[in-house]
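Below you'll find the structure, written out as structure tokens, and then a few comments.
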Amino acid sequence: MSTETIFSRIIRREIPTNILYQDDLVTAFSDIAPQAKTHILIIPNKIIPTVNEVSSEDEQTLGRLFTVAAKLAKEAGIAEDGYRLIVNCNKHGGQEVFHLHMHLVGGEPLGKMLAK
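Quick note on numbering: UniProt numbering labels position 32 of the sequence shown as 32, and the sequence is numbered without any gaps.
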């Protein structure tokens with residue numbers, strides 16, 4: 001079920017990128033097409049294609065996504081003013097890479113969550 005993704009290659013450091021955090025469960029790096037002053041992707045090292053494939057075995061990893069997000073937001077100096085965490089799921093949700101990932105965006109006012 002696990003399919004190789006570009007994120008798999010980043011985790012293994014086969015693609016040069018600005019890795020901001022890495023441990024046995026997750027990897028975080030700067031987004032190459034930032035949508036805000038701060039835009040970081042935080043991904044599980046295990047390939048989980050979408051939120052729909054998350055299982056109870058993944059709870060520790062998903063918790064780590066949030067603790068790493070908080071740590072990186074503080075380090076980036078955006079924790080006090082606030083930031084947004086985004087996880088997209090499948091086509092209608094805007095997911096482009098089918099390896100679950102969390103976007104940490106901030107550093108400026110982000111506006112409403114949805115335009116509609």
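For glycine and all other residues, C-beta sits at the position ideal for the given N, C-alpha and C. Note that the structure is a prediction, hence the values are computed from the model and not measured.
Next on the checklist: Mapping the DSSP letters down to three states, classify H92 as helix, strand or coil.
Outcome noted: helix
Next on the checklist: Tell me the rounded alpha-carbon separation between V97 and A70.
Outcome noted: 23 Å
Checklist entry - What span of residues does the beta strand (DSSP E) with V105 cover, start to end? => result M102 to G106
Checklist entry - Nearest to E53 by CA position, among N90, I11 and R13, is which residue? => result N90
Item to check | L41 - partner residues in DSSP beta bridges | outcome: F29 and H103
Next on the checklist: Just to check my reading of the structure: N45 and I11 have Cβ atoms closer than 8 Å, yes? What is that Cβ distance to the nearest angstrom?
Outcome noted: 5 Å
Checklist entry - So, are the CB atoms of I43 and L104 less than 8 Å apart? => result no
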